[in-house]
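S.K.:
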Amino acid sequence: MAGNESVMPEQLQTGWRSAGLWADESLGQAMARAARERPHAQLRFHGAEGERVITLGELHAEGLKLAGRLHALGLRPGEVLAMQVPAGIENAILTQAAAALGCTLLQIVHIYGPHELAHILADSGAKALIVPRRWRNIDYLDRLARLPDLPALAHRIVMGAEASDGMLALDNLPDGDLPEIVHDPDGLAVLLYTSGTTAAPKGVRHSSRSLLAELKAQGLGRKPDDWVLSPWPSGHIAGTLGVLGHALLGRPTILLESWDAALAARLVDRFKVAQMSGTPFHLSGLMEAAEKGGYDLGSFEQFLIGATTVPPALVAACEAAGIRCCRCYGSTELPTATQCVPADPLDKRLGTDGRPNPGVEVRIVGDGGEDLPVGTEGEVAVRGAERFLGYTDPELNAASFLPGGWFLTGDIGRLDPEGYLAITDRKKDIIIRGGENISSREVEELLLQVPGVREAAAIGAPDARLGERICAVVTLAEGAQVTVADIDEAFRRIGVARQKTPELLIVVEEFPRTPSGKIQKAELRRELGASGRLALP
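One point on numbering: in the numbering used here, the residue at position 201 of the sequence shown is 235, and numbering is uninterrupted.
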């Protein structure tokens, strides 16, 4: 493919500007405007040391002070400021500072150790890295000490007033004046790295325009004073958008240091939270905690759920509890491509991931990039005002776009006649049994219908004769017992092709997960393979 396939057609860009989806301002300019218009909007942080509260006006003022100090240190517009800082007030101040200075903000998830960190810092060309001394069981000073020599990384900065040799203390940076900055709405504003399964993390590049377009779409139809709770970690696209939603829209926001279902349920009840997004892991935990603690979740106008297989039974349970659960679909590259809305019929909210957001287009294409008929499964291609600029890796860009700026997501799905999208699989998340491709996601959705199964992952168990057989890895509801025979009977009752029935069952206490709550299948395969549990009897 040509190297410029990621470029959006000019007529689309013009249309987005006319529709108000693309704004001619940078994140820094938009934050300054929001601080003037909604200075009293609160950001609340709840963590191990209790709760902290700061207003948007205070947050912006702190960010400007820090931007002046970082400028005095030598950081300039367009340079990459990296941070591996947990969600919280300090993270939000650093976000304000990077935007005010016109730097590219690189948020890095906390699970990345020295190996991944070295790749990310080298790939991004980061000029400065900011970390805490310690958070939970992570010794960040040890991480910094184990990094290789990185010529572009001029400053290693530790939060607080103390630092080790070769590092700077953030609180001791000299004050400085922030000069007038020339802001570029089309420039690289935020850089995030997504975890890969077999390759190094991918660098996803976003402009101010794309992120502002995403947040405008999020804000449609919402009351400005409604509380939002963000359960997501720093460095995940949803975590970044949680901080930016407060900074750019002035919406009252609650951040959690780490996921705590009981705390979240209490906060939803206390502040009458109207909006939250999460995975089934978040929602099921929240509902269980609310029932045990007697907390009221009735303030939710909607709960956006996605990022993994969504059990229809969970959506139905929410409906019965008076919560409008709305499935959605997106990625780091295009955060919210489609979503259901509370007014959608229940069958659509149960079985689809919604319709495209304003300014977003969705196609279903074959292996040659050709459009497939309605109702036919194929690869999901998307483009829109919130689509990323491209990857940091040119070779990855060459393989990821179709002409006209269409991004190939690597997800398999289908569109119904009314334009609702249903994600059915990952293009490469398949089990090949005797030459037959079997959808892991389909098997997982069937497993969730087996009584007693709480969560499920379908993976391939190596087999000398067939190549792979299906292995069901599950967690169970409290007190439940499930056998291979139970699964066989359930699948037979449903009427599933015999080839799709798991032949091996592994019950686990918990799954390895990403910071956002997704099951890490690659890690699951490694763990089970190393323990010998994937061997068929």
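For every residue, glycine included, the Cβ atom is placed at its ideal position computed from N, Cα and C.
1) What is the rounded straight-line gap between the Cα of A69 and the Cα of Q252?
2) Roughly how many whole angstroms lie between the Cα atoms of R467 and A569?
3) In angstroms with no decimal places, state the Cα-to-Cα distance between R86 and L254.
4) Mark P345 as exposed unless 16 or more other C-beta atoms lie within 10 angstroms of its C-beta, in which case mark it buried.
5) State the DSSP-derived secondary structure class of V530, mapped to helix, strand or coil.
6) Could you tell me whether the region 305-312 touches the region 262-272, where touching means 3 or more Cβ pairs closer than 8 Å?
7) Find the nearest neighbour of G84 within the set L289, T274 and Y227, judged by alpha-carbon distance.
8) Over what stretch of residues does the beta strand (DSSP E) that includes T138 continue unbroken?
9) Distance check for N431 and L212, CA to CA, integer angstroms please.
10) Whole alpha helix (DSSP H) runs in the region 266-353 with 4 or more residues, listed along the chain?
11) Grab the span of the beta strand (DSSP E) containing A415 for me, first residue to last.
12) Are the CB atoms of L481 and T517 nearer to each other than 8 Å?
13) Expressed to the nearest angstrom, what Euclidean distance is found between the alpha-carbon atoms of T231 and P120?
14) At 4 residues or longer, what runs of the alpha helix (DSSP H) sit wholly inside the region 443-484?
15) Assign Y174 to one of three DSSP states: helix, strand, or coil.
16) Counting pairs of Cβ atoms below 8 Å between the region 387-397 and the region 193-204, do you hit three or more?
17) Do you know how far the Cα of L278 is from the Cα of P258?
18) On the premise that G439 lies in contact with V41, defined as a C-beta separation below 8 Å, what is that separation, rounded to the nearest angstrom?
19) Based on Cα-Cα distance, which residue from D183, G563 and L100 lies nearest to L135?
20) If you follow the beta strand (DSSP E) that K236 is part of, which residue opens it and which one closes it?
21) Can you give me the C-alpha to C-alpha distance between R180 and P148, rounded to a whole angstrom?
22) For A152 and A116, what's the separation of their Cα atoms in angstroms?
23) In the DSSP output, which residue or residues are listed as bridge partners for E489?
24) State the Cα-Cα distance for the pair Q629 and Y454, rounded to the nearest angstrom.
25) Leaving out five residues before and five after E478 in sequence, what residues of the same chain have Cβ atoms less than 6 Å from its Cβ?
26) Using CA coordinates, which residue listed in K161, D176 and A162 is at the minimum distance from R168?
27) For V396, does the count of other Cβ atoms within 10 angstroms reach 16, so buried, or fall short, so exposed?
28) Report the CB separation of R417 from F441 in whole angstroms; it is logged as a contact under 8 Å.
29) Give the DSSP-derived three-state secondary structure of D522 in the structure shown.
30) Check whether the region 93-110 touches the region 264-275, taking contact to mean three or more Cβ pairs, one atom from each stretch, closer than 8 Å.
31) According to the neighbour-count rule (16 or more other Cβ atoms, all chains shown, within 10 Å of its Cβ), is I154 buried or exposed?
32) Taking DSSP as the reference, what is the three-state secondary structure of Q515?
33) Using only the alpha-carbon positions, how far apart do P43 and S318 sit?
34) Taking N171 as the reference, give the member of M193, S158, I145 and P185 with the closest Cα.
35) Using the Cα positions of E523 and L348, report the straight-line distance between them to the nearest angstrom.
36) Does DSSP classify W261 as helix, strand or coil?
M.R.: Looking at the coordinates:
1) The residue given as residue 69 occupies position 35 in the sequence shown. The residue given as residue 252 occupies position 218 in the sequence shown. When rounded, the distance between both Cα atoms is 19 Å.
2) Along the sequence shown, one-based indexing puts residue 467 at 433. Along the sequence shown, one-based indexing puts residue 569 at 535. Those two C-alpha atoms are separated by around 15 Å.
3) Start at 1 with the first residue of the sequence shown, and residue 86 comes out as number 52. Start at 1 with the first residue of the sequence shown, and residue 254 comes out as number 220. C-alpha separation (whole angstroms): 28 Å.
4) Here the question's residue 345 lines up with position 311 in the sequence shown. Counting Cβ neighbours within 10 Å, P345 comes out buried, since at least 16 surround it.
5) Here the question's residue 530 lines up with position 496 in the sequence shown. Residue state for V530 is assigned as coil, using DSSP reduced to three classes.
6) yes
7) Within the sequence shown, the letter at position 50 stands for residue 84. Taking only the C-alpha atoms, the option nearest G84 is L289.
8) Position 104 of the sequence shown, counting from 1, holds the residue named residue 138. T138 to Q141 is the extent of the beta strand (DSSP E) around T138.
9) Taking the sequence shown and counting its residues from 1, one reaches residue 212 at position 178. Taking the sequence shown and counting its residues from 1, one reaches residue 431 at position 397. About 36 Å.
10) 271-283, 295-305 and 314-327
11) The residue given as residue 415 occupies position 381 in the sequence shown. From DSSP, the beta strand (DSSP E) with A415 extends over G412 to G418.
12) Sequence index remark: in the sequence shown, residue 481 carries index 447 (1-based). Sequence index remark: in the sequence shown, residue 517 carries index 483 (1-based). No. Outside cutoff.
13) Here residue 231 refers to the residue found at position 197 of the sequence shown. Here residue 120 refers to the residue found at position 86 of the sequence shown. Note that T231 scores 36 on pLDDT, short of 50, meaning its location in the model is unreliable; the coordinates nonetheless yield the value given after this. T231 and P120: Cα-Cα distance of roughly 23 Å.
14) 474-481
15) Counting from one through the sequence shown, the residue named residue 174 turns up at place 140. DSSP places Y174 in helix when its eight states are reduced to three.
16) no
17) Here residue 258 refers to the residue found at position 224 of the sequence shown. Here residue 278 refers to the residue found at position 244 of the sequence shown. Looking at the two C-alpha atoms, the distance is approximately 14 Å.
18) For the purposes of this step, residue 41 is taken as residue 7 along the sequence shown, with counting starting at 1. For the purposes of this step, residue 439 is taken as residue 405 along the sequence shown, with counting starting at 1. Rounded, the Cβ-Cβ distance is 6 Å, consistent with contact.
19) On the sequence shown, position 101 is the one that residue 135 refers to. The shortest C-alpha separation from L135 is found at L100.
20) Mapped onto the sequence shown, residue 236 falls at position 202. From DSSP, the beta strand (DSSP E) with K236 extends over K236 to S241.
21) As a first step, residue 180 is located in the sequence shown; it is residue number 146 there, counting from the start. As a first step, residue 148 is located in the sequence shown; it is residue number 114 there, counting from the start. When rounded, the distance between both Cα atoms is 6 Å.
22) Within the sequence shown, residue 152 is the residue found at index 118, counting from 1. Within the sequence shown, residue 116 is the residue found at index 82, counting from 1. The straight-line gap from Cα to Cα measures roughly 12 Å.
23) As a first step, residue 489 must be located in the sequence shown, where it is residue number 455. T509.
24) Residue 629 cannot be examined here, being either before or after the span of the chain that is shown, 35 to 571.
25) Here the question's residue 478 lines up with position 444 in the sequence shown. Correct list, in chain order: T343, A490 and A492.
26) Your numbering for residue 168 matches position 134 in the sequence shown. It is D176.
27) On the sequence shown, position 362 is the one that residue 396 refers to. With 16 or more other Cβ atoms within 10 Å, it is buried.
28) Locating residue 417 in the sequence shown gives position 383, where the first residue counts as 1. Locating residue 441 in the sequence shown gives position 407, where the first residue counts as 1. With 8 Å as the limit, R417 and F441 qualify as a contact, their Cβ atoms being about 6 Å apart.
29) Start at 1 with the first residue of the sequence shown, and residue 522 comes out as number 488. In this structure, D522 counts as helix in the three-state DSSP scheme.
30) With fewer than three CB-CB distances shorter than 8 Å, the region 93-110 does not count as touching the region 264-275.
31) For the purposes of this step, residue 154 is identified with residue 120 of the sequence shown, where counting begins at 1. Classification for I154: buried.
32) The count along the sequence shown starts at 1 and reaches residue 515 at position 481. Note: Q515 maps to coil in three-state DSSP.
33) By 1-based counting over the sequence shown, the position of residue 43 is 9. By 1-based counting over the sequence shown, the position of residue 318 is 284. Rounded to the nearest angstrom, the two C-alpha atoms are 42 Å apart.
34) The residue you call residue 171 lines up with position 137 of the sequence shown. For N171, the nearest C-alpha among the options comes from I145.
35) As a working note, residue 523 is residue 489 in the sequence shown. As a working note, residue 348 is residue 314 in the sequence shown. If I take the Cα positions, the gap works out to 23 Å.
36) Counted from its first residue, the sequence shown places residue 261 at position 227. In this structure, W261 counts as coil in the three-state DSSP scheme.
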